[in-house]
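Peer 1: Residue numbers (the working numbering): 606 to 877. Questions regarding the structure given below will be posed in turn.
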Amino acid sequence: MLRREFLAGTIAGVASLTAGSLTAAVDDSKRRKWLIGHHFWNWDRAWDKGKFLDKRLKLTKQTGYDGFEAKPHQIGQPAEVVKTKCAELGIRCAAVGGGLKEGIDFAHVAGAKIVRSGVPKDQIKRWVNYAGERGIIIVIHPHIGQPGHPGEVETREDMLRYLDERPGIFACPDTGHLALCGSDPVQTIRDLGSRCRYVHLKDIRPEMVGKRTRKGEKFCDLGTGALDLKGVLKALQDIKYSGWIMVERDSRGPDYVQSAKDMRAVLRHMGY
């Protein structure tokens with residue numbers, strides 16, 4: 606699909622995105638049941654301290670999610686503590702972001718199986734082996750770069766190139782950042798196929814599709830923006846995806862607890 610066709614189709618489809626149409630995304634008999642997480646990034650940034658860990662974990666459970674992703678500094682407590690607290694609540698640490706060694710070591714103890722991090726080309730074997738020995742995979746995530754300094758991985762083409770150059774590294778498509786940078790999230794997921802091992806599910810404001818900017822409010826609650834959510838879920842079904850879906854907004858509304866509930870309700874309404 607050409608970039609201009611993706612942009613036009615995305616914006617044109619926003620008006621027809623209703624709860625009823627969302628429900629029809631995938632035949633019930635063919636749905637794969639995924640674990641649905643909520644990123645710590647969605648909560649109050651003032652809570653990025655250890656003393657707020659219990660609050661965030663309990664809210665993760667209370668708002669209907671199976672687990673979360675965060676960086677060690679956002680969690681603010683030792684990995685052993687995280688594992689114990691998660692077990693008590695019946696949730697999981699799904700993935701860890703941040704530096705390679707710090708992230709892998711933390712994930713290994715906390716029980717996460719995914720680390721989201723870049724890997725230098727000359728260190729692939731070292732880190733793939735280090736992670737693999739601990740039952741962990743490394744995934745790369747697209748993200749808009751800084752003004753005048755494009756990110757190494759922003760688009761569908763960037764992701765495919767990055768993975769081709771780094772055997773053993775897998776993909777975490779971020780639907781919001783892909784759309785922001787002008788890539789079709791649905792086609793990207795299909796092209797990644799079995800290399801897609803983790804997903805950041807994020808909606809985007811219609812006016813921001815293809816804008817490739819860090820300025821202003823870019824994202825919104827799941828199901829309220831321009832993301833072809835039906836298409837994304839269908840693509841994941843078609844590639845037989847079986848991992849985590851991490852719901853992310855990258856910004857918080859006036860009531861981020863209600864936002865978490867609403868975004869979970871959208872997926873639940875669709876059978877997930």
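Every residue, glycine too, gets a C-beta built ideally from N, C-alpha and C. Since this is a predicted model, take the numbers as computed values, not measurements.
(1) Can you give the Cα-Cα distance for residue 846 and residue 793, rounded to whole angstroms?
(2) Comparing alpha-carbon positions, which option in 684, 678, 644 and 742 lies nearest residue 670?
(3) Between the Cα of residue 765 and the Cα atoms of 749, 800, 710 and 698, which residue gives the shortest distance?
(4) Identify whether residue 737 lies in helix, strand or coil by the three-state DSSP scheme.
(5) May I ask you to verify whether the stretch 673-690 touches the stretch 708-716, counting CB pairs closer than 8 Å and requiring at least 3?
(6) In three-state terms, what does DSSP make of residue 702?
(7) Note down the Cα distance separating residue 673 from residue 639, rounded to an integer number of angstroms.
(8) Rank 849, 823, 676 and 729 by C-alpha distance to the C-alpha of residue 882 and give the top, closest one.
(9) What is the C-beta distance between residue 654 and residue 681, in whole angstroms, given that I count them as a contact (C-beta under 8 Å)?
(10) Could you give the C-beta distance for residue 726 and residue 770, rounded to a whole number, given that I count them as a contact under 8 Å?
(11) Considering only DSSP beta bridges, list what residue 804 is partnered with.
(12) What whole-angstrom Cβ distance do residue 855 and residue 824 have, given they're in contact under 8 Å?
(13) Our contact map puts residue 838 next to residue 868 with C-beta atoms below 8 Å; I'd like the distance itself, whole angstroms only.
(14) Go ahead and pull the three-state DSSP assignment for residue 724.
(15) Please confirm whether residue 758 and residue 745 have their CB atoms less than 8 Å apart.
(16) By DSSP, does residue 624 sit in helix, in strand, or in coil?
(17) Quick check: what's the CA-CA separation for residue 827 versus residue 711?
(18) Could you give the residue range of the beta strand (DSSP E) that holds residue 797?
(19) Could you compute how far the alpha carbon of residue 795 sits from the alpha carbon of residue 691?
(20) Write down the C-beta distance between residue 871 and residue 840 rounded to the nearest angstrom, noting that I regard them as a contact closer than 8 Å.
(21) Starting from residue 643, trace the beta strand (DSSP E) both ways and give me its first and last residue.
(22) Taking the alpha helix (DSSP H) that residue 692 belongs to, which residues open and close that run?
(23) Throw me the rounded Cβ distance for the residue 774 and residue 768 pair, which I believe falls under 8 Å.
(24) Below 6 Å CB to CB, which residues in the same chain sit around residue 873 once its five sequence neighbours on both sides are set aside?
(25) Rounded C-beta distance between residue 776 and residue 797? I'm assuming under 8 Å.
(26) Over what stretch of residues does the alpha helix (DSSP H) that includes residue 774 continue unbroken?
Peer 2: Taking the geometry as given:
(1) 13 Å
(2) 644
(3) 800
(4) helix
(5) yes
(6) strand
(7) 14 Å
(8) Residue 882 lies beyond the residue range present for the chain, which begins at 606 and ends at 877; the question has no answer from this structure.
(9) 5 Å
(10) 6 Å
(11) 850
(12) 5 Å
(13) Actually they are not in contact, since the Cβ atoms of residue 838 and residue 868 sit about 14 Å apart, beyond 8 Å.
(14) coil
(15) yes
(16) With a pLDDT of only 43 at residue 624, under the threshold of 50, the placement of this residue in the model should not be trusted; the figure read from the coordinates follows. It is helical.
(17) 29 Å
(18) It is not in any beta strand (DSSP E) - residue 797 instead sits in the alpha helix (DSSP H) that spans 790-797.
(19) 33 Å
(20) Rounded, the Cβ-Cβ distance is 17 Å, inconsistent with contact.
(21) 640-644
(22) 684-694
(23) 6 Å
(24) none
(25) 5 Å
(26) No alpha helix (DSSP H) holds residue 774; DSSP gives it neither H nor E.
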